[in-house]
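Numbering (the numbering used here), first residue to last: 5 to 151. All residues carry an ideal CB built from backbone N, CA and C; glycine is no exception. The block underneath contains the structure these notes are about, expressed in structure tokens.
Laid out in structure tokens, this is it:
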């Protein structure tokens with residue numbers, strides 16, 4: 005079953021931590037982005053205190069990539085984290101039926117998958133594949149996915 009049309013993962017990194025953050029971004033996937041001809045997009049910006057930061061972004065929309073990513077994520081999330089996503093599904097879903105997950109950046113760098121509301125995170129934007137395009141259908145899909 006197709007759960008998502010598109011998934012976008014975004015994370016901010018300082019130049020010093022960029023390599024480790026990029027490796028962790030790739031580890032989130034269940035496929036090799038180079039073999040699949042997918043690249044991590046790099047964009048530089050200035051942070052709040054005018055320091056240089058990198059914005060790393062990966063976007064994929066093929067079903068084997070989106071399904072593979074979601075299956076891999078579900079394997080890594082603990083039952084309490086999945087339950088939290090179910091409980092917060094309403095607030096994490098926007099009007100266009102994009103579902104947002106934030107994984108704690110420093111915990112993920114240590115290999116622990118922890119849902120957070122903090123801004124220092126791996127931000128995952130999932131465009132849900134639902135028909136009809138209605139909020140109730142999207143919420144039912146999310147509950148099925150995270151149960």
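In the structure shown, residue 129 adopts extended strand secondary structure according to DSSP, grouped into three states. Taking the C-beta atoms as reference points, residue 108 is found no nearer than 8 angstroms to residue 90.
Selection 148, 20, 69 evaluated against residue 42 yields 69 as nearest (Cα-Cα).
With contacts defined as CB atoms closer than 8 angstroms, residue 118 and residue 92 fail to qualify as a contacting pair.
DSSP places residue 93 in the uninterrupted alpha helix (DSSP H) bounded by 93-96. In the DSSP annotation of this structure, the continuous segment of the alpha helix (DSSP H) that includes residue 110 starts and ends at 109-113. If you draw a straight line from the Cα of residue 19 to the Cα of residue 55, it comes to about 10 angstroms. Taking a contact to require three or more Cβ pairs closer than 8 angstroms, the region 134-145 and the region 14-31 do not qualify as touching.
Straight across, the Cα-Cα distance linking residue 148 with residue 52 is about 39 angstroms. DSSP places residue 105 within a strand segment (E or B) once states are collapsed to three.
Residue 39 and residue 97 have their C-alpha atoms spaced approximately 32 angstroms apart.
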